[in-house]
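**Q**
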Ligand SMILES: [Zn+2]
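Residue numbers (the working numbering): 8 to 319.
In C-alpha cells form, the structure reads like this:
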C-alpha cells in the first residue's frame with residue numbers, strides 16, 4: 008500500500024511524531040481499518056446481463072463492486088447459474104436481470120437472495136415486442152432483446168440508477184451525475200446512428216436474419232424483419248421452406264442477409280445463390296463480446312455499420 012507508506016513518511020517529518028514508533032504502528036492499524044471498511048461500504052451488485060453489467064459499472068463508479076455472472080460472449084439464452092453465482096447473489100444488495108423471460112432461472116435467484124438484496128427485473132418495465140419461442144415456434148413469447156433500442160437503454164440506465172440510490176442514498180449525487188454522463192453518451196450514439204442509417208433509403212431497410220434479436224432495433228429505426236427459420240437448428244429445413252425464403256428475399260429486393268448460428272451451410276449457400284443476396288456479416292445479437300463489442304457503444308456501432316455497409 009504505497010499511500011500508507013507515503014503518509015507515514017510524511018508524518019516522520021513532524022517533530023511530535025518523530026521517534027514515536029508505537030504510535031506509528033497504531034496509526035498504521037487505524038489507516039488499514041479505514042481502508043478495509045471503505046471497501047466493505049461499497050454496494051455489491053450481481054448482474055446477469057453483460058449490458059447491465061456495463062450500466063451498473065458506469066453509474067455506480069467506484070462506489071459499487073459489480074459481478075457480471077454472464078460473461079461477454081456467453082449465450083444468455085443458454086446460461087444456467089452455478090452454486091458460486093447463487094452464493095454471490097446471496098451477498099449482493101442489487102441483482103440485475105434483463106428480464107422478459109431471458110432468465111428462466113429467476114426463481115432460483117430469488118430463493119438465493121439475502122434479506123438485503125433487491126432483484127431488479129429491468130426489462131419488465133419496457134413495452135414488449137413478441138417473438139416465436141426458440142424451442143417451440145408455435146409458442147409466442149416476449150422478445151427479451153430490448154437493449155437494441157437506445158430508448159430502452161435510456162430507461163434501463165434510470166432503473167439501475169434508482170436501484171443503486173435506493174440501497175445507498177448517501178451516493179445519490181454521484182449516481183445521478185454518472186447516469187447523466189452515460190445518458191449523454193447514449194444521446195450522442197443515437198445521433199450518430201440516425202446519420203448513418205439515413206444513408207439507407209426507407210425501402211432498403213429490410214433485415215433478413217435467422218435469430219429474432221433485432222426487432223427492437225428494427226422498430227426504432229424503421230426496418231422490416233424477415234425471419235429465415237430453419238437455419239439455426241440442426242434439422243434440415245424443408246425444400247418448401249427454403250423456396251419460401253428465396254422467394255421472400257427476391258420479392259423484397261433484399262441485398263444482404265444476416266444469418267447466425269449457421270447449422271446448414273449448404274442450405275445457406277443455396278439461398279444466397281438462388282436469391283442473389285450476399286452474406287451481410289456478423290451482428291452482435293445477444294449482448295457484449297470481445298474487442299469492439301466489449302462496450303455497448305462499440306457493439307451498437309458495429310451493428311449499424313455492418314447493416315449500412317451490406318444494404319447500401
Ligand atoms: Zn437472443
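Backbone N, C-alpha and C define an ideal beta-carbon position, used for all residues, glycine too.
In terms of DSSP beta bridges, what is residue 265 paired with?
**A** 216
**Q** So residue 100 packs on residue 75, CB below 8 Å; how close in whole Å?
**A** At roughly 16 Å, the Cβ-Cβ gap does not stay under 8 Å, so residue 100 and residue 75 are not in contact.
**Q** Does the pairing of the segment 159-168 with the segment 59-77 give three or more beta-carbon distances under 8 Å?
**A** yes
**Q** Thinking C-alpha only, which one of 77, 78, 308, 96 is nearest residue 203?
**A** 308
**Q** I need the straight-line Cα distance from residue 253 to residue 225, nearest angstrom please.
**A** 21 Å
**Q** With DSSP run on the structure shown, which of helix, strand or coil describes residue 303?
**A** helix
**Q** Could you check what DSSP says for residue 89 in three-state terms: helix, strand or coil?
**A** Residue 89 carries a coil assignment under DSSP once its states are collapsed to helix, strand and coil.
**Q** Residue 289 and residue 313: beta carbons closer than 9 Å?
**A** yes
**Q** Examine the Cβ distances between the segment 147-165 and the segment 96-112 and report whether three or more of them are shorter than 8 Å.
**A** yes
**Q** Between 271, 71, 244, which has its C-alpha nearest residue 182's C-alpha?
**A** 71
**Q** Judging by CA-CA distance, which residue of 299, 221, 198, 250 is the nearest neighbour of residue 137?
**A** 221
**Q** Using the Cβ count rule (16 or more neighbours within 10 Å means buried), how would you classify residue 294?
**A** With 16 or more other Cβ atoms within 10 Å, it is buried.
**Q** Flag residue 293 as yes when its Cβ comes closer than 8 Å to any non-hydrogen atom of ligand 1, and as no otherwise.
**A** yes
**Q** Please identify the residue among 244, 191, 211, 311 whose C-alpha is closest to the C-alpha of residue 284.
**A** 211
**Q** At what residue ranges does the segment 167-230 contain a whole run of the beta strand (DSSP E), taking only runs of 3 or more?
**A** 213-216
**Q** Give me the Cα-Cα distance between residue 87 and residue 115, rounded to the nearest whole angstrom.
**A** 10 Å
**Q** Indicate whether residue 126 and residue 104 have their beta-carbon atoms separated by less than 9 Å.
**A** yes
**Q** Count the other C-beta atoms from every protein chain shown that fall within 10 angstroms of the C-beta of residue 102, then say buried if there are 16 or more, exposed otherwise.
**A** buried
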